[in-house]
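So the number in my numbering is just where the residue sits in the sequence shown, counting from 1, plus 97.
A virtual CB, placed ideally from N, CA and C, is assigned to each residue, including glycine.
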Amino acid sequence: MNKLFYGDCLTIMQEMPMGSVDLIYLDPPFQSNRDYNAIYKDETGRPLPDQIEAFCDTWILDSERARVIRAMPVLMRESGLDDSVVEFWRLWMNALRQTQPSLLAYLSYMVERLLQMKSILKPTGSIYLHCDPTASHYIKIMMDSIFGHQNFRNEIVWYYGQRTAFLKRHFSKKHDVILFYGKSKSATLNKVALPWDKADFMAHRHDVKIDEEGNEYIWSDGGARGKRYKRMVDDVISAGKPMDSVWSIPIINSAAKERMGYATQKPLALLDRIIRASSNPGDVVFDPFCGCATTLEAAHALGRKWIGIDIAIHAVKRVARMRLQHRLDLKEGEDFIVDGVPRNLEGAKDLWEKDKYHFQKWAVEEVEGFVTTKRTADGGIDGRIYFPIHGEEDLQSMVIEVKGGKNVNISDLRALKGVLDNDTALMAGLIIMEPLGERKDRNFRAFMADAGDLIVNRIEYPRMQMLSIPEIFEGKRFYTPGVVGKGQKEQITLPGSLRRDS
Numbered sequence: 098m099n100k101l102f103y104g105d106c107l108t109i110m111q112e113m114p115m116g117s118v119d120l121i122y123l124d125p126p127f128q129s130n131r132d133y134n135a136i137y138k139d140e141t142g143r144p145l146p147d148q149i150e151a152f153c154d155t156w157i158l159d160s161e162r163a164r165v166i167r168a169m170p171v172l173m174r175e176s177g178l179d180d181s182v183v184e185f186w187r188l189w190m191n192a193l194r195q196t197q198p199s200l201l202a203y204l205s206y207m208v209e210r211l212l213q214m215k216s217i218l219k220p221t222g223s224i225y226l227h228c229d230p231t232a233s234h235y236i237k238i239m240m241d242s243i244f245g246h247q248n249f250r251n252e253i254v255w256y257y258g259q260r261t262a263f264l265k266r267h268f269s270k271k272h273d274v275i276l277f278y279g280k281s282k283s284a285t286l287n288k289v290a291l292p293w294d295k296a297d298f299m300a301h302r303h304d305v306k307i308d309e310e311g312n313e314y315i316w317s318d319g320g321a322r323g324k325r326y327k328r329m330v331d332d333v334i335s336a337g338k339p340m341d342s343v344w345s346i347p348i349i350n351s352a353a354k355e356r357m358g359y360a361t362q363k364p365l366a367l368l369d370r371i372i373r374a375s376s377n378p379g380d381v382v383f384d385p386f387c388g389c390a391t392t393l394e395a396a397h398a399l400g401r402k403w404i405g406i407d408i409a410i411h412a413v414k415r416v417a418r419m420r421l422q423h424r425l426d427l428k429e430g431e432d433f434i435v436d437g438v439p440r441n442l443e444g445a446k447d448l449w450e451k452d453k454y455h456f457q458k459w460a461v462e463e464v465e466g467f468v469t470t471k472r473t474a475d476g477g478i479d480g481r482i483y484f485p486i487h488g489e490e491d492l493q494s495m496v497i498e499v500k501g502g503k504n505v506n507i508s509d510l511r512a513l514k515g516v517l518d519n520d521t522a523l524m525a526g527l528i529i530m531e532p533l534g535e536r537k538d539r540n541f542r543a544f545m546a547d548a549g550d551l552i553v554n555r556i557e558y559p560r561m562q563m564l565s566i567p568e569i570f571e572g573k574r575f576y577t578p579g580v581v582g583k584g585q586k587e588q589i590t591l592p593g594s595l596r597r598d599s
């Protein structure tokens, strides 16, 4: 059955059978903030606050990324790469560590996942990687190393045109690059003929002749036999023109029906061409960064099976509802399944065991919070919920910490209180997996009560609050001030004792 996954594609691919995919298309993240900002607003009705980075493509060479880089030579050898490639990686990474650490973080992220993609691709399979120009030349080197230079097929230029403006420092950008590799020399490649417009055909052919009966014809090369033969122009036009490596496909019009609100959304025509060329009906098409799921719709229209993954819960919800159910009239559970999104406590525990970071991320987003990309000194913040305060220019916040393990202690609550005391946040929330026992719950709530209340319009909001995962599934949320009615801000006055200028 077709599948839409929520989570990190690396974690999910590690559970996919080897050699199970016929075609991979990926448009990996590099500057995807615009897409995620748009879908968050559409899904929640709230704009993404300007001062935060809830979905961030800022690639930081932190301790976790450094650990992955150190382990990469072992992973490469296990994936069958030559020692010479491993040594090249080591020298190259050492150079980038000093000169472009953020690029090194991105490349290591991509290489980890590309190695896994190679393992799940069939021998007859192909991979098309949509490149950002900032890193495309670096990615090409790694693609050669992982899939083999001999399996490189084309650098496809997607020319999308648009109106041209005069720029001071560079020429107008009018194309993207897509790298096309086969898994082996037996990779599927179908003949895809594009429609010829007769005027366009005549403009490109200067050898058209007319016979005695007034028919237009050309002479075609007979190939190895050396014989030339006569072909009628109308027959050539109806057969279509062979596809080359420059694809002229316009970007999606803002009023087009296929538009899903993504700033970087790719046209269906682009994916249609890729899927026709490198797969057959019934094959499995896989998009590990499926975003607004253009790949999934194109695959479905062409009779292919599909698998899509996205790291943003709001993107998955939007795709399932708008793209799959409304546009394609597919039924969840019959035509496709959504996996990785917990539906109950058991599902939440399963996500915690598989991927603790994504459990934390899911829990924060379920309570309408934003995942934190910049941690405080004690590393105790997993997210924030934002709300406006009357008289304050900046949005105020509740810091969120998620504890998915069984052993939640009062020391965790003290640490969160320490964050609240030293942070600009006005409130703090703790998310735990299961309700506490009666005695521990009583002690926790007594400690939180000592933190006092935030009083807004004579309404008391406890400064420290706690929710369990079962309560979240029941629809309970943290009790905070918020935005009400057609974008009008609630008239909230910050108590004098909490004002920054007091």
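Spatial neighbours of residue i in its chain, beta-carbon cut-off 6 Å, leaving aside the 5 residues before and after
{"i": "M169", "result": "none"}
{"i": "S117", "result": "I217"}
{"i": "L399", "result": "I372"}
{"i": "N287", "result": "A374"}
{"i": "K219", "result": "G116, D119"}
{"i": "I569", "result": "E463"}
{"i": "K354", "result": "none"}
{"i": "V505", "result": "I529"}
{"i": "I149", "result": "With a pLDDT of 47 at I149, under the threshold of 50, the predicted position of this residue should be treated as unreliable, though the coordinate-derived value follows. Counting only Cβ-Cβ distances below 6 Å, and skipping sequence neighbours, we find F467."}
{"i": "P439", "result": "A445, L448"}
Cutoff 7 Å; reference residue i; Cβ partners in own chain excluding five residues on either side
{"i": "K237", "result": "L276"}
{"i": "C106", "result": "R210, P385, F386, I406"}
{"i": "P125", "result": "M207, F386"}
{"i": "T391", "result": "Q362, K363, L365, L368"}
{"i": "R596", "result": "With a pLDDT of only 40 at R596, under 50, the local geometry of the prediction cannot be trusted, and the value read off the model is given with reservation. Counting only Cβ-Cβ distances below 7 Å, and skipping sequence neighbours, we find nothing."}
{"i": "R302", "result": "I315"}
{"i": "N312", "result": "M329"}
{"i": "W293", "result": "I334, G337, K338"}
{"i": "I434", "result": "M98, K100"}
Endpoints, alpha helix (DSSP H) assigned at residue i
{"i": "T221", "result": "T221 -> not in any alpha helix (DSSP H); beta strand (DSSP E) instead, spanning 218-228."}
{"i": "M173", "result": "160-175"}
{"i": "S508", "result": "507-519"}
{"i": "N99", "result": "Premise fails: N99 lies in the beta strand (DSSP E), 99-103, not in any alpha helix (DSSP H)."}
{"i": "M240", "result": "233-244"}
{"i": "L188", "result": "180-196"}
{"i": "L107", "result": "106-110"}
Proximity below 8 Å, CB of residue i to CB of residue j
{"i": "Y206", "j": "D407", "result": "no"}
{"i": "L367", "j": "W255", "result": "yes"}
{"i": "Y225", "j": "Y122", "result": "yes"}
{"i": "G379", "j": "R415", "result": "no"}
{"i": "M190", "j": "V183", "result": "no"}
{"i": "R420", "j": "E394", "result": "yes"}
{"i": "G437", "j": "I166", "result": "no"}
{"i": "I243", "j": "K215", "result": "yes"}
{"i": "N251", "j": "G279", "result": "no"}
{"i": "E431", "j": "A417", "result": "no"}
{"i": "F456", "j": "I507", "result": "no"}
{"i": "S283", "j": "T221", "result": "yes"}
{"i": "L527", "j": "L510", "result": "yes"}
Beta-carbon proximity list for residue i, same chain, < 8 Å, skipping 5 on both sides
{"i": "R356", "result": "I349, N350, Q362"}
{"i": "I478", "result": "T469, R472, V496, I497, E498, V516, D520"}
{"i": "D452", "result": "G104, D105, T108"}
Anticipated Cβ contact below 8 Å, residue i with residue j, distance rounded
{"i": "A336", "j": "A290", "result": "6 Å"}
{"i": "M329", "j": "Y314", "result": "5 Å"}
{"i": "R617", "j": "E465", "result": "Residue 617 cannot be examined here, being either before or after the span of the chain that is shown, 98 to 599."}
{"i": "A396", "j": "V413", "result": "Actually they do not touch by this definition, with Cβ atoms about 17 Å apart."}
{"i": "M561", "j": "M545", "result": "4 Å"}
{"i": "W449", "j": "G501", "result": "4 Å"}
{"i": "P567", "j": "P532", "result": "7 Å"}
{"i": "K100", "j": "I404", "result": "5 Å"}
{"i": "H234", "j": "D273", "result": "Their Cβ separation, rounded to whole angstroms, is 14 Å, which puts H234 and D273 out of contact at 8 Å."}
{"i": "A202", "j": "R162", "result": "5 Å"}
{"i": "Y454", "j": "P347", "result": "Actually they are not in contact, since the Cβ atoms of Y454 and P347 sit about 39 Å apart, beyond 8 Å."}
{"i": "F484", "j": "G579", "result": "5 Å"}
First and last residue of the uninterrupted beta strand (DSSP E) at residue i
{"i": "M495", "result": "493-500"}
{"i": "N350", "result": "Taken as a continuous stretch (DSSP letters only), N350 belongs to no beta strand (DSSP E), as it is neither H nor E."}
{"i": "R328", "result": "326-329"}
{"i": "D297", "result": "Looking at the DSSP string, D297 is not in any beta strand (DSSP E); the run it does join, the alpha helix (DSSP H), is 295-301."}
{"i": "Y314", "result": "313-317"}
{"i": "F268", "result": "Careful: F268 lies outside any beta strand (DSSP E) and carries neither H nor E."}
{"i": "S345", "result": "343-345"}
{"i": "W255", "result": "249-256"}
{"i": "E557", "result": "556-559"}
{"i": "A543", "result": "Careful: A543 lies outside any beta strand (DSSP E), inside the alpha helix (DSSP H) at 535-546."}
{"i": "I528", "result": "524-529"}
| request: Would you list, in sequence order, the uninterrupted beta strand (DSSP E) runs of no fewer than 3 residues that lie entirely inside the stretch 370-409? | output: 381-384, 402-407
| request: Note down, one range per segment and in chain order, each beta strand (DSSP E) of at least 3 residues found wholly within the stretch 406-483. | output: 433-436
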